[in-house]
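Undergrad: Got a structure for you, written out below as structure tokens; questions coming shortly.
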Amino acid sequence: MWGVGKIKANILAILSNRGSRAFYLRSSLTKSWGQDVLEGMEFSFNLLQYFEKVVSQAAEKLESVDDSFEPQMRMADERFGDFQANGALPFAKRNGLNPRDLAQSLVEKIEPSDSWETSIAGPGFINFKLKPDFFLSWLKELGDLEKTKKHLLSEAPRQIVLDFSGPNTAKQMHVGHIRSTIIGESLARLLSLQGHTVIRDNHLGDWGTQFGILLYAIKRAEVSLDELGEEPVAVLEDLYRKGNSWVKESPQALEEARQELVKLQNGDEKNYSLWQKIRDLSLGSFEQVYQLLGVRFDHAHGESFYRDQVEQVYSVLQKHGICTEDQGALVVFHPEHKRFAKQPFIVRKSDGASNYATTDLATIAYRRKEWKAEHIIYVTDGRQRDHFEQLFMTVKKWFVEEKIDCPTLSHVWFGTILGEDNKAIKTRDGQPVKLMDLLQEAIDRAKKMVEDKNPELEEDEIERRAKIIGLGAVRYADLSQDRTLDYVFSWDKMLALQGNTAPYLQYAVARIHSIFRKIGKKRSDLVDTMISPESDAEKKLARKISFFPLAIEQTTKELKPHTLCVYLYELATEFSSFYNQEKVMIDDQEVQNLRLFLCAKTQIVLELGLNILGIETLEEM
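Offset between the sequence shown (1-based) and my numbering: plus 10.
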């Protein structure tokens, strides 16, 4: 897992303008103390973008600086400032200039402001230290929850297809499916919040050779699909294992299974009816998990949906010479790629059957044509990286030849969940842990925690809180990890009330609710009459809140939810320090108003951030 320092370093990178809508604070923002802090100013809701513009405008005024200059804005070490421009050093080195002298020249060309101070550090780093009045003005413009959401809207909303979860029918969802499910859901929420149209597609594995084996096993065991009991998918999974052992033991059984698949693919009425029942039973089982997690899909177009389109795929690839026949199979090589020049991308097997590569090609064509997809994002296991790289290369060649605008194609891949033995997490009998069992265990453990803390609660309320805490803990335990890394699953860490966990963040929100209850006010009761932040704790909390748009933008840029998790944890920690150092219920009304105001803004950001992650909050814990 990346350390906090590494995450900060990434958030500090120059951010593009595509993630957040530019929002401007103008001179109309007059403060109660009679000073217009932002007089004559205009700046983006994303403060880093604003200071990037400030430095760029200063550079344009210098004859010694050309268009190759980049401000290279970062968040600064808080000991020296809030934002830092590092661009003078590399530019000076390239052009034989003294970097500190260049930095001084840039500072002299920056329009003076009462809202910040500048200083030069090291070999030419320009620091910007914002005044407390500035942060207060920014926080006022942050507004309520709905206004905050508007600030985060993209200036260029896109039509995005998000392909996630994708379990195989006739199999129970296991712990390995949780990463695609909750990472995909969090990205869907994030992108939707920014105003993109997100089409959620559950691309099921529901068509392939395994169904020949399963159909053979059903018929041999003389099983009725209408009488499979309370866990029908578990029975189907067991039947498949039996069928697989039978075909391995007997060439005759293997041939019979192949014939069952041929009959299915040729439209045999009985086999198709059995397959449809298998699919329906599987979808019902999956939906139980999705409902529990609060995950939804717009479509569940599995591989079977595209089976009538595979011939067109073969035809167009052959027409343009993109694929070739090799050992009886139809394959694509990419000579421009060192590895894929010899590693084939098989689109039709030697026996003439299609595979998931074929349906994946058909899927992209369908999504582009029917859904007008501008960006397609796949959330899958990292072991499929080669497949998607070859898939994307093949599609781009196909679309170029057909003069089709190719959508942006992204593979959001993730690592493996490990047990304490550093191996893929499994049950004692070697089977993957069932996802529903994992979720129920989380709820049960959270219930005990709630009962111990609040024994006076009614059973319904205990159950409600346990579900929110338990499922939130599971979600956050996964999302807080860098998705590209494997991680060790730990029950104790997941449900801890301290440290980087969901309960810790939920508790911070509940604490703010408690503050407002004790003082007898609501967020809507807050007034503008207040002083600007004065104490270190007040200023640090205000500063951390203002970094929220940066965290959102970097999370979007990398499609890594753990970046947002790190920010939310740091914000909750900063709030905890503020709460422990500063009393809110004091006689000085202006100070009280300020501290309640900071509590309210912290709550808005925490609730919005956790909602993006799919985690509910509580007013009491």
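The beta carbon of each residue, even a glycine, is placed where N, CA and C say it ideally should be.
Within 10 angstroms of its Cβ, does Leu-620 collect 16 or more other Cβ (buried), or is it exposed?
TA: Within the sequence shown, residue 620 is the residue found at index 610, counting from 1. It is buried - the Cβ of Leu-620 has at least 16 other Cβ atoms within 10 Å.
Undergrad: Strictly by DSSP, which residues pair up with Met-83?
TA: As a first step, residue 83 is located in the sequence shown; it is residue number 73 there, counting from the start. Ala-95, per the DSSP bridge assignment.
Undergrad: For Glu-468, count neighbouring C-beta atoms within 10 Å of its own C-beta (all shown protein chains included) and say buried if the count is 16 or more, exposed if not.
TA: Here residue 468 refers to the residue found at position 458 of the sequence shown. When all chains shown are included, Glu-468 counts as exposed.
Undergrad: Restricting to Cα atoms, I'd like to know which of Arg-475, Gln-491, Gln-602, Thr-511 is closest to Asp-535.
TA: The count along the sequence shown starts at 1 and reaches residue 535 at position 525. Asp-535 has its Cα closest to that of Gln-602, out of Arg-475, Gln-491, Gln-602, Thr-511.
Undergrad: Can you give me the C-alpha to C-alpha distance between Asp-632 and Gln-67, rounded to a whole angstrom?
TA: The displayed coordinates of the chain run from 11 to 631. Any statement about residue 632 would go beyond what the structure contains.
Undergrad: Looking at the secondary structure, which residues open and close the alpha helix (DSSP H) in which Asp-370 lies?
TA: Within the sequence shown, the letter at position 360 stands for residue 370. Unbroken alpha helix (DSSP H) run through Asp-370: 366 to 380.
Undergrad: Can you name the start and end residues of the alpha helix (DSSP H) that His-161 belongs to?
TA: Reading the sequence shown from its first residue, position 151 is the one you call residue 161. Unbroken alpha helix (DSSP H) run through His-161: 155 to 161.
Undergrad: With a 10 Å radius around its C-beta and 16 neighbouring C-beta atoms as the bar for buried, classify Ala-351 as buried or exposed.
TA: As a first step, residue 351 is located in the sequence shown; it is residue number 341 there, counting from the start. The residue in question, Ala-351, is exposed, as its Cβ has fewer than 16 Cβ neighbours within 10 Å.
Undergrad: If you measure between the beta carbons of Leu-293 and Ile-192, is that distance less than 8 Å?
TA: If you number the sequence shown from 1, residue 293 lands on position 283. If you number the sequence shown from 1, residue 192 lands on position 182. No, they are not a contact pair.
Undergrad: CB Asp-492 to CB His-421, shorter than 8 Å?
TA: Working through the sequence shown from its first residue, we reach residue 492 at position 482. Working through the sequence shown from its first residue, we reach residue 421 at position 411. Not in contact: Asp-492 and His-421 (Cβ atoms no closer than 8 Å).
Undergrad: Pop quiz: Leu-574 and Leu-616 are said to be a contact at Cβ under 8 Å. What is the actual Cβ separation, rounded to whole angstroms?
TA: In the sequence shown, residue 574 corresponds to position 564, counting from 1. In the sequence shown, residue 616 corresponds to position 606, counting from 1. Between Leu-616 and Leu-574 the Cβ distance is about 11 Å, and since that is not below 8 Å, they are no contact.
Undergrad: Once you ignore the five residues that flank Pro-345 on each side, which residues in its own chain have a CB closer than 6 Å to its CB?
TA: Mapped onto the sequence shown, residue 345 falls at position 335. Around Pro-345: Ala-351.
Undergrad: Does the region 372 to 391 come into contact with the region 307 to 319, if we say contact requires no fewer than three beta-carbon pairs (one atom in each stretch) closer than 8 Å?
TA: Segments in contact, yes.
Undergrad: Under 7 Å Cβ to Cβ from Asn-96, same chain only, skipping five residues before and after it: list those, please.
TA: Here the question's residue 96 lines up with position 86 in the sequence shown. Excluding residues within five positions, the ones whose Cβ falls inside 7 Å are Gln-82, Arg-84, Phe-135.
Undergrad: Which class does Ser-420 belong to by DSSP, given the choice of helix, strand or coil?
TA: The residue given as residue 420 occupies position 410 in the sequence shown. The answer is strand: DSSP assigns Ser-420 an E or B state.
Undergrad: Provide the residue(s) that pair with Arg-358 in DSSP beta bridges, ordered along the chain.
TA: Translated into the one-based positions of the sequence shown, residue 358 becomes position 348. Beta-bridge pairing links Arg-358 to Leu-340.
Undergrad: Given a cut-off of 8 Å on the beta-carbon distance, is the pair Ile-614 and Leu-116 in contact?
TA: Here residue 614 refers to the residue found at position 604 when the sequence shown is read from its first residue. Here residue 116 refers to the residue found at position 106 when the sequence shown is read from its first residue. Not closer than 8 Å, so no.
Undergrad: Between Gly-153, Lys-329, Leu-146, Ser-202, which has its C-alpha nearest Glu-166's C-alpha?
TA: Residue numbering aside, residue 166 sits at position 156 when the sequence shown is read from its first letter. Looking at the sequence itself, residue 166 is Ala, so the reference to Glu does not match. Nearest of Gly-153, Lys-329, Leu-146, Ser-202 to Ala-166, Cα basis: Ser-202.
Undergrad: Cα-Cα, which of Asn-432, Glu-548, Glu-626, Gln-564 is closest to Tyr-517?
TA: Working through the sequence shown from its first residue, we reach residue 517 at position 507. Looking at the Cα atoms, Glu-626 is the closest of the given residues.
Undergrad: DSSP has His-385 in a bridge; who is on the other side?
TA: Start at 1 with the first residue of the sequence shown, and residue 385 comes out as number 375. For His-385, which the question treats as bridged, DSSP gives the partners Ile-170, Thr-418.
Undergrad: Residue range of the alpha helix (DSSP H) that Lys-256 falls in?
TA: The residue given as residue 256 occupies position 246 in the sequence shown. Before going on, a small fix: residue 256 reads as Trp here, not Lys. Looking at the DSSP string, the run of the alpha helix (DSSP H) that includes Trp-256 is 242 to 259.
Undergrad: Does the Cβ of Ile-21 have 16 or more other Cβ atoms within 10 Å, making it buried, or fewer, making it exposed?
TA: Indexing the sequence shown from 1 puts residue 21 at position 11. Reliability fails at Ile-21, whose pLDDT of 36 lies under 50, so the model's placement of it is uncertain and the value that follows must be treated cautiously. Buried.
Undergrad: My parser needs the alpha helix (DSSP H) runs of 4 or more residues fully inside the region 500 to 587; what are they?
TA: Runs of the alpha helix (DSSP H) inside the region 500 to 587: 501 to 504, 512 to 529, 546 to 556, 558 to 568.
Undergrad: DSSP state of Ala-456, grouped into three classes?
TA: By one-based count along the sequence shown, residue 456 stands at place 446. Correct three-state label for Ala-456: helix.
Undergrad: Buried or exposed for Gly-91, going by 16 or more other Cβ atoms inside 10 Å?
TA: Locating residue 91 in the sequence shown gives position 81, where the first residue counts as 1. Looking at its Cβ environment, which holds 16 or more other Cβ atoms inside 10 Å, Gly-91 is buried.
Undergrad: On the DSSP letters alone, give me the boundaries of the beta strand (DSSP E) that Ala-351 sits inside.
TA: Locating residue 351 in the sequence shown gives position 341, where the first residue counts as 1. From DSSP, Ala-351 is part of no beta strand (DSSP E); its letter is neither H nor E.
Undergrad: What did DSSP end up calling Asn-212 once you bin it into helix, strand or coil?
TA: Stepping through the sequence shown from its first residue, residue 212 is reached at position 202. Coil, per DSSP.
Undergrad: Based on Cα-Cα distance, which residue from Ile-414, Gln-441, Ala-483, Gly-153 lies nearest to Ile-453?
TA: To locate residue 453, count along the sequence shown from 1; it is residue 443. Answer by Cα proximity: Ala-483.
Undergrad: Please report the straight-line C-alpha distance between Val-594 and Ile-562, rounded to a whole angstrom.
TA: Here residue 594 refers to the residue found at position 584 of the sequence shown. Here residue 562 refers to the residue found at position 552 of the sequence shown. Taking the straight line joining both Cα atoms gives about 29 Å.
Undergrad: For Trp-148, does the three-state DSSP call read helix, strand or coil?
TA: Numbered from 1 along the sequence shown, position 138 holds the residue referred to as residue 148. Residue state, collapsed to three classes: helix.
Undergrad: Nearest CA to the CA of Leu-172: which residue from Glu-568, Ile-387, Glu-461, Val-519?
TA: The residue given as residue 172 occupies position 162 in the sequence shown. The shortest C-alpha separation from Leu-172 is found at Ile-387.
Undergrad: Run through DSSP, which three-state label would His-184 get?
TA: Along the sequence shown, read from residue 1 onward, the residue named residue 184 stands at position 174. Correct three-state label for His-184: strand.
Undergrad: Between the C-alpha atoms of Met-403 and Gln-275, what's the straight-line distance to the nearest angstrom?
TA: Here residue 403 refers to the residue found at position 393 of the sequence shown. Here residue 275 refers to the residue found at position 265 of the sequence shown. One C-alpha to the other measures close to 29 Å.
Undergrad: For Asn-281, count the other beta carbons within 10 Å of its own beta carbon; 16 or more makes it buried, fewer makes it exposed. Which is it?
TA: Sequence index remark: in the sequence shown, residue 281 carries index 271 (1-based). Flag for Asn-281 reads buried.
Undergrad: Contact check, Tyr-486 vs Ala-456 under 8 Å by CB: the rounded distance?
TA: To locate residue 486, count along the sequence shown from 1; it is residue 476. To locate residue 456, count along the sequence shown from 1; it is residue 446. Not a contact, Cβ separation roughly 12 Å.
Undergrad: According to DSSP, simplified to helix, strand and coil, what is Val-305?
TA: Within the sequence shown, the letter at position 295 stands for residue 305. Of the three classes helix, strand and coil, the one that applies to Val-305 here is coil, per DSSP.
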